[in-house]
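Number of protein chains: 2
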Amino acid sequence: MSVVRKTKSVKTLMSIFEASGSALSVVDLVEQLKVQMNKTTVYRILERLEGEGTIHSFIGSNGLKWYAKCSTCTKHEHDDVHPHFECRDCGKVECLEIEVTIPKLKNRLIESADVLLTGQCADCLN
Amino acid sequence: MSVVRKTKSVKTLMSIFEASGSALSVVDLVEQLKVQMNKTTVYRILERLEGEGTIHSFIGSNGLKWYAKCSTCTKHEHDDVHPHFECRDCGKVECLEIEVTIPKLKNRLIESADVLLTGQCADCLN
DNA sequence: ATTATTAATGCAACTTAGTTGCAAAAATAT
DNA sequence: ATATTTTTGCAACTAAGTTGCATTAATAAT
Ligand SMILES: [Mn+2]
Ligand SMILES: [Mn+2]
Ligand SMILES: [Zn+2]
Ligand SMILES: [Zn+2]
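So the sequences go chain by chain: R and V. For the first sequence, our numbering assigns the number 61 to the initial residue and increments by one for each residue that follows. For the second sequence, our numbering assigns the number 61 to the initial residue and increments by one for each residue that follows.
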């Protein structure tokens, strides 16, 4: 694996994740950054940062890709059960720190568990 | 809601789901049926059958849509926790009948829980 | 059984997320 | 300062899914 260079674009993306408390969809990032960098660059940087362990990805309820820098995640802890919550009202997606226990399955080897919860977030509950 | 007509195409799709023990991706269905019906028709029938409660859908690990006729699912039970298992070797996707308990969250209302497990299926474990 | 009504289908054109190859530019190493 | 390697922009592409509309098939009414 090659070293990830700290280019202007990489720094921009990393600071966006630092500043954000929730997950970010690739579509939104591409849109938000379209004057500063090409969408191909966004895709490639996200891929690299994920390979590096800086961020992690998952699929939202509509099949689109999301990335987040989760506080509890470190480079080699990415295969534990780590649920995400998607608000049906405001569209916000958040990492959850709760534990979800997956029962062992006979005859099958579980290698990863993706849990996506959908509902109303704290802000939208009123 | 309008009545779903039992057209030739609808019958074809329903018998495919009856005969199949696992979930089916829309992509595969479109490919498999391309001589018999238009892909738009496949998409629309699946949508209707889901609305009717005959089948249910979920998103696979790559963000593509899958449908299955699950034995435990009836029309109004679609919001319970119902995990799916995707084999990383053969690509098969199955409905699981195990229960996954999602802890209650304060400040958030959980309306649905999608659980996708990935690993090796029974056939691929050798 | 014919006809009228309504729902379903095919088709072509479109939208959008994501990918690829390659030349140019920016980082880093020497 | 120069050489090396990585990253970027761009344009073109792929593939999943959607839409509008004219035609056809299914069902209801006569
Ligand atoms: Mn997370
Ligand atoms: Mn199922
Ligand atoms: Zn919200
Ligand atoms: Zn398998």
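Where is the CB? At the ideal position from N, CA and C, for every residue including glycine.
(message) Considering only their Cβ atoms, is the gap separating R:G120 from R:S85 smaller than 9 Å?
(response) Taking 9 Å as the Cβ cut-off, R:S85 and R:G120 qualify as a contacting pair.
(request) Starting from the C-beta of V:V87, find all residues in its chain whose C-beta is less than 7 Å away, skip the five residues before and the five after it, and write them out in chain order. (result) So the list reads L124, once near-sequence residues are dropped.
(message) Within 8 Å, do at least three Cβ pairs link the stretch 144-160 of chain R to the stretch 162-169 of chain V?
(response) Proximity of the stretch 162-169 of chain V to the stretch 144-160 of chain R meets the contact definition, three or more beta-carbon pairs being nearer than 8 Å.
(message) By the three-class DSSP mapping on this structure, what secondary structure does R:K125 have?
(response) Strand.
(message) With a threshold of 9 Å between beta-carbons, can V:I105 be considered close to chain R, or not?
(response) Not one chain R Cβ lies under 9 Å of V:I105.
(request) State the beta-bridge partners of R:D174 as determined by DSSP. (result) Bridge partners of R:D174: V:L176.
(message) Rounded to whole angstroms, what is the Cα-Cα separation between R:A83 and R:F77?
(response) C-alpha separation (whole angstroms): 8 Å.
(message) Between the alpha carbons of R:E154 and V:V95, how many angstroms are there, rounded?
(response) Roughly 43 Å between the two C-alpha positions.
(request) Step through the CB atoms of chain R and report whether any lies within less than 9 Å of the CB of V:S121. (result) Yes, V:S121 lies at the interface with chain R (some Cβ there is under 9 Å from its Cβ).
(message) Determine whether the beta carbon atoms of V:I170 and R:T178 lie at a separation below 9 Å.
(response) Closer than 9 Å, so yes.
(message) Quick check on R:L185: buried or exposed, where buried means 16 or more other Cβ atoms within 10 Å of its Cβ?
(response) Burial state of R:L185 is exposed, judged by a 10 Å Cβ sphere holding fewer than 16 other Cβ atoms.
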